[in-house]
Amino acid sequence: MCPTGSRTNGARSVGRIRRGSGEGGGGDVSADDATVDVFSIPMNVRFRGIDHREGVLLGGPGGCGEFSPFWDYDVAESTAWLAAALEAADRGFPEPVREVVPVNCTVPAVDPDRARAIVTGPHGCRTAKVKVAEPAQTLDDDVARVAAVRDAIGPEGRVRIDANGTWTVHEAIDAIKELDAFELEYVEQPVATVGELADVRRRVDVPVAADESIRRADDPLRVKRLGAADIAVLKVQPLGGVHACLRLAEQLGMPVVVSSALETSVGIAAGVALAAALPELPYACGLATTSMLTADVTADPMTPVAGMLSARRVQPDPALVDGVRADEETTRRWHERLAGCRRVLEGRSG
Numbered sequence: 002m003c004p005t006g007s008r009t010n011g012a013r014s015v016g017r018i019r020r021g022s023g024e025g026g027g028g029d030v031s032a033d034d035a036t037v038d039v040f041s042i043p044m045n046v047r048f049r050g051i052d053h054r055e056g057v058l059l060g061g062p063g064g065c066g067e068f069s070p071f072w073d074y075d076v077a078e079s080t081a082w083l084a085a086a087l088e089a090a091d092r093g094f095p096e097p098v099r100e101v102v103p104v105n106c107t108v109p110a111v112d113p114d115r116a117r118a119i120v121t122g123p124h125g126c127r128t129a130k131v132k133v134a135e136p137a138q139t140l141d142d143d144v145a146r147v148a149a150v151r152d153a154i155g156p157e158g159r160v161r162i163d164a165n166g167t168w169t170v171h172e173a174i175d176a177i178k179e180l181d182a183f184e185l186e187y188v189e190q191p192v193a194t195v196g197e198l199a200d201v202r203r204r205v206d207v208p209v210a211a212d213e214s215i216r217r218a219d220d221p222l223r224v225k226r227l228g229a230a231d232i233a234v235l236k237v238q239p240l241g242g243v244h245a246c247l248r249l250a251e252q253l254g255m256p257v258v259v260s261s262a263l264e265t266s267v268g269i270a271a272g273v274a275l276a277a278a279l280p281e282l283p284y285a286c287g288l289a290t291t292s293m294l295t296a297d298v299t300a301d302p303m304t305p306v307a308g309m310l311s312a313r314r315v316q317p318d319p320a321l322v323d324g325v326r327a328d329e330e331t332t333r334r335w336h337e338r339l340a341g342c343r344r345v346l347e348g349r350s351g
């Protein structure tokens, strides 16, 4: 079960939600008399334009799931996130083929000194993902940040960059060539569209990873058909759950990096479950992100040790859930959003 707090924010049952062939696929999923707790957690640094991480903890007979789509996802897109939460709460996760998963640390668009401090933190990660192409910053800022990360992690560490689709094709080519002076492992989503991604991949020597071109696409397999990427970045919530991601990984037929959507430890546990179940895992995964939050919902958070996360379920702590409970207006908005996604799932299963 998913123990939660006193539910002073108006938590209530989400009732029964069943689905067949929609997101997550593979049979019915239900959440019977599941409790809903809405959280709002300040972040240590502004990221993706947000300074608080909001979402819902959804309890069911199998455990606890997290529903936390960003607000730039509409109801239709957010429904996949609900399918993932329901899977975690009811169906559970597949059997792992490994007990621990290697993870990278994540360096936001911070100054070089802060970047060094993140890389040399107590997490023990030997891979660093560096955010680049931040609005209002320059390529010189990116160079300084990546240089600091390479210096801090040493010649044996791995450095990858993520532009979140911000560059144009020409900007991407120029930036990648300059930043590859620091021996990049790969570049994630340098440009916005699949066609542009394929163009960049043909013109640079650094491997290209697709993120948004998979998780926000009507046809995620187009990346494969166009030869647009060497690596697939999969995120459990946006893609409808662990089982859906395993099927997609098989269809894509390329190496997979599992990454987080800045979840609490409840959501991170689902990402680790996916990474632990993949037949092959050649890259460190982007799941060491709970440190970007100022608090968590469990007394045993998903914190890396020696650069690894263990595959396990997470149980929220009622007192900690109470400590991050959202205000009344935020709670109302999330209940409306949850109800909208529920109606979509019910319509698809009907």
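Be aware that the sequence shown starts at 2, since it is given in my numbering, and climbs by one per residue. Backbone N, C-alpha and C fix where the C-beta goes; we use that ideal spot for every residue, glycine too.
Residue(s) in a DSSP beta bridge with residue i
i, result
"residue 218", "Answer is none; residue 218 lacks a bridge partner."
"residue 84", "In the DSSP output, where bridge partners are listed per residue, residue 84 has none listed."
"residue 286", "104"
"residue 121", "DSSP lists no partner for residue 121."
"residue 194", "Answer is none; residue 194 lacks a bridge partner."
"residue 130", "107, 161"
"residue 44", "294"
"residue 66", "59"
"residue 244", "None; residue 244 has no bridge partner."
"residue 255", "Paired residue(s): none; residue 255 is not in a bridge."
"residue 54", "42"
"residue 326", "40"
"residue 262", "DSSP, once it has assigned bridges, lists no residue as partnering residue 262."
"residue 232", "210"
"residue 281", "Answer is none; residue 281 lacks a bridge partner."
Span separating the alpha-carbon of residue i from that of residue j
i, j, result
"residue 305", "residue 189", "22 Å"
"residue 312", "residue 250", "19 Å"
"residue 62", "residue 38", "16 Å"
"residue 267", "residue 65", "7 Å"
"residue 224", "residue 75", "23 Å"
"residue 273", "residue 299", "16 Å"
"residue 119", "residue 349", "44 Å"
"residue 282", "residue 276", "7 Å"
"residue 23", "residue 315", "Only weak support exists for where residue 23 lies, its pLDDT of 38 falling under 50; the value from the coordinates is given anyway. Distance between the alpha carbons of residue 23 and residue 315 is about 26 Å."
"residue 254", "residue 286", "18 Å"
"residue 129", "residue 183", "12 Å"
"residue 344", "residue 99", "37 Å"
"residue 31", "residue 341", "Any reading at residue 31 needs caution, since the residue's pLDDT is 47, under 50, leaving its predicted position unreliable; the model's value is listed next. Taking the straight line from one Cα to the other gives about 16 Å."
"residue 203", "residue 156", "27 Å"
"residue 1", "residue 284", "Since the first residue of the chain shown is 2 and the last is 351, residue 1 is not available in this structure."
"residue 337", "residue 181", "46 Å"
"residue 327", "residue 301", "21 Å"
Beta-carbon proximity of residue i to residue j, cut-off 8 Å
i, j, result
"residue 310", "residue 108", "no"
"residue 205", "residue 174", "yes"
"residue 280", "residue 262", "no"
"residue 179", "residue 159", "no"
"residue 162", "residue 131", "yes"
"residue 113", "residue 146", "yes"
"residue 149", "residue 166", "no"
"residue 212", "residue 234", "yes"
"residue 78", "residue 335", "no"
"residue 208", "residue 201", "no"
"residue 111", "residue 288", "no"
"residue 222", "residue 265", "no"
"residue 278", "residue 97", "yes"
"residue 241", "residue 85", "yes"
"residue 176", "residue 199", "no"
"residue 67", "residue 243", "no"
"residue 339", "residue 95", "no"
"residue 210", "residue 133", "no"
"residue 60", "residue 81", "no"
Selected residue, minimal CA-CA separation from residue i, among the options
i, options, result
"residue 347", "83, 61, 37, 48", "83"
"residue 41", "184, 331, 150, 115", "331"
"residue 135", "95, 98, 48, 64", "48"
"residue 217", "208, 60, 202, 236", "236"
"residue 142", "115, 156, 210", "115"
"residue 195", "231, 51, 177", "231"
"residue 270", "321, 252, 297", "297"
"residue 252", "226, 276, 277", "226"
"residue 57", "46, 169, 70, 126", "70"
"residue 214", "181, 172, 164", "164"
"residue 138", "122, 324, 168", "168"
"residue 171", "152, 328, 197, 181", "197"
"residue 152", "324, 106, 121", "121"
"residue 126", "52, 322, 290", "290"
Short CB-CB distance (under 8 Å) between residue i and chain B
i, result
"residue 62", "Among the chains in the structure shown there is no chain B, since it carries only a single protein chain."
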